[in-house]
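Numbering (the working numbering), first residue to last: 726 to 897.
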């Protein structure tokens, strides 16, 4: 039995600074990166032949980014806004729907494996110290619909403590 070492391929992206938020599809074929200096989200297609910039999405400031597993949808979670932005990257130019639930500060967004649901969470920040809402959204239609919301308080949670992330099991 002979084994050969795995082939490692790396491509350097010149994004001019460290990322505030970056995400990639599970197969690595698409990458999205928030660039603070220019207040823009850059979306790249990644192939064995290299990396190609697909589109630039302007933002109003710092935001988290999350890609669906198939890379067709992108959610931006602006850090100082109550509205999330759901982008359809399969249209040219990409289209957007803004939605929210009066959450003051977004902390994370997570797509379900099939891309039909989205979980959002907020962070206790500045003037908000109580329970923080987790929400489940149906994003299968043109307008996202809130399916579930639950306030959550964790021991030791106080000003400046952000919820780091959320997750959805592989079976949704």
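Glycine is no exception: its CB is placed at the ideal position from the N, C-alpha and C atoms.
Treat the numbers as computed from the prediction; the structure is a model and nothing was measured.
Put simply, of 833, 867 and 868 the residue whose alpha carbon is nearest the alpha carbon of residue 893 is 833. When secondary structure is reduced to three states using DSSP, residue 842 falls in the strand class. Contact annotation: residue 803 and residue 816 have beta-carbon atoms that are not nearer than 8 angstroms. In its chain, beyond the 5 residues on either side, 801, 821 and 823 have a beta carbon closer than 6 angstroms to the beta carbon of residue 810. By the criterion of a C-beta distance shorter than 8 angstroms, residue 781 is surrounded in its chain by 765, 766, 767 and 768, once the five residues flanking it on both sides are discounted.
Linking residue 845 to residue 791 through their CA atoms gives a straight-line distance of about 11 angstroms.
Taking the CA atoms as reference points, residue 870 sits about 25 angstroms from residue 786. Here DSSP, grouped into helix, strand and coil, assigns residue 783 to strand. Partner residues in the beta bridge of residue 770, as assigned by DSSP, are 755 and 777. Looking only at 758, 752, 788 and 799, the smallest Cα-Cα distance to residue 773 is reached by 752. Sorting 763, 755, 896 and 777 by C-alpha distance to the C-alpha of residue 839 places 896 at the top. In the structure shown, residue 860 falls within a strand segment according to DSSP collapsed to helix, strand and coil.
Assignment of beta strand (DSSP E) within the segment 786-833, counting only whole runs of 3 or more residues, yields 788-792, 798-803, 808-813 and 820-825 in chain order.
In the structure shown, residue 847 adopts extended strand secondary structure according to DSSP, grouped into three states. Around the beta carbon of residue 805, a 10 Å sphere encloses fewer than 16 other beta carbons of the protein chains shown; the residue is thus reported as exposed. If you draw a straight line from the Cα of residue 859 to the Cα of residue 749, it comes to about 23 angstroms.
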